[in-house]
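Visitor: Before we start, here is the structure in question, set down as structure tokens.
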Amino acid sequence: MIYISEDNNDRRIRIWVNELPIKYKANKVISLSCDYVSSDAIVASSVAVEIKNGRLSNNNYAMIGGEFQINNTGRFQVNLSIPYNMNKKYITDMSSSNDNVYIGFDEQYSIAIMGCDHSENRLPSGILTINCAACAEIGSSIKCFKWAYRVLLNTLCKKQILFDDKELFLLYK
């Protein structure tokens, strides 16, 4: 399922649920584990989020996604896959037309995931492997990846897939 939302400021969000638009292999994995989890069931085994933060911003593009494996460890773990290289272009209508977007996650944006306040969500017990991402050559930023990751967590932690457009855009902090 693909969900698309847009607001009056030309901000757009595209969310894939139970499918990933791209996948890549990791050269390096950065991991984070959290104790605070819920026992609530989730309905998505994979989620990807692509965002555009308006046409006037230079820091306007991010895509991040991954696959979730439920377990009963009582911990939520994120494995952030850093690819071998980022030389394969990704074609999208969400980035600036004069920017190049490449498949993979640039390690400079890892603070967006590792520095995220994971206590904001009732996280399920299991492992989220981030193996779907794309970065713009010019127009990506930590702030955009943080927003995309927060939308990903918010979607992953839902008991049912219902989207609230206002809520999605309020996750931009």
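First residue of the sequence shown? That's 10 in this note's numbering, and the numbers climb one at a time after it.
Here a beta-carbon is modelled for each residue, glycine too, at the ideal position from N, C-alpha and C.
Small disclaimer: the values here were computed from a predicted structure and weren't measured.
Got a sec, what are the start and stop residues for the alpha helix (DSSP H) Val160 sits in?
Guide: The sequence position of residue 160 within the sequence shown is 151, counting from 1. Start and end: 151-165.
Visitor: Check Tyr12 in the structure and name its three-state DSSP category.
Guide: Walking along the sequence shown from the start, residue 12 turns up at place 3. Of the three classes helix, strand and coil, the one that applies to Tyr12 here is strand, per DSSP.
Visitor: Tell me where the alpha helix (DSSP H) around Ala121 begins and ends.
Guide: Position 112 of the sequence shown, counted from the start, is the residue given in the question as residue 121. Taken as a continuous stretch (DSSP letters only), the alpha helix (DSSP H) holding Ala121 covers 120-123.
Visitor: Are there three or more Cβ pairs, one per stretch, closer than 8 angstroms when the segment 95-110 is compared with the segment 34-46?
Guide: The segment 34-46 and the segment 95-110 do not touch, with fewer than three beta-carbon pairs separated by less than 8 angstroms.
Visitor: Look at the alpha carbon of Phe114 and the alpha carbon of Ala143, and state the distance between them as a whole number of angstroms.
Guide: Position 105 of the sequence shown, counted from the start, is the residue given in the question as residue 114. Position 134 of the sequence shown, counted from the start, is the residue given in the question as residue 143. Near 6 angstroms, if we compare the C-alpha coordinates of Ala143 and Phe114.
Visitor: Using a Cβ-Cβ cut-off of 8 angstroms (strictly less than) and excluding sequence neighbours within five positions of Ile139, which residues of its own chain qualify?
Guide: What you label residue 139 is simply residue 130 of the sequence shown in a count that begins at 1. Contacts found: Ile73, Gly74, Gly75, Val87, Asn88, Leu89, Ser90, Phe114, Ile122.
Visitor: Cys153 to Asn81, Cα distance in whole Å?
Guide: On the sequence shown, residue 153 is found 144 positions in, with the first residue counted as 1. On the sequence shown, residue 81 is found 72 positions in, with the first residue counted as 1. If I take the Cα positions, the gap works out to 32 angstroms.
Visitor: In or out: Asn69 buried (at least 16 other Cβ within 10 Å) or exposed?
Guide: Numbered from 1 along the sequence shown, position 60 holds the residue referred to as residue 69. Burial call: buried.
Visitor: May I have the straight-line CA-CA distance separating Ile147 from Asn109, to the nearest angstrom?
Guide: For the purposes of this step, residue 147 is taken as the residue at position 138 of the sequence shown. For the purposes of this step, residue 109 is taken as the residue at position 100 of the sequence shown. Answer to the nearest angstrom: the Cα atoms are 8 angstroms apart.
Visitor: Helix, strand or coil for Glu28 per DSSP?
Guide: The sequence position of residue 28 within the sequence shown is 19, counting from 1. Glu28 falls in the coil class under three-state DSSP.
Visitor: Please identify the residue among His127, Ser105, Ile151 whose C-alpha is closest to the C-alpha of Leu165.
Guide: Stepping through the sequence shown from its first residue, residue 165 is reached at position 156. Comparing Cα-Cα distances from Leu165 to each of His127, Ser105, Ile151, the minimum goes to His127.
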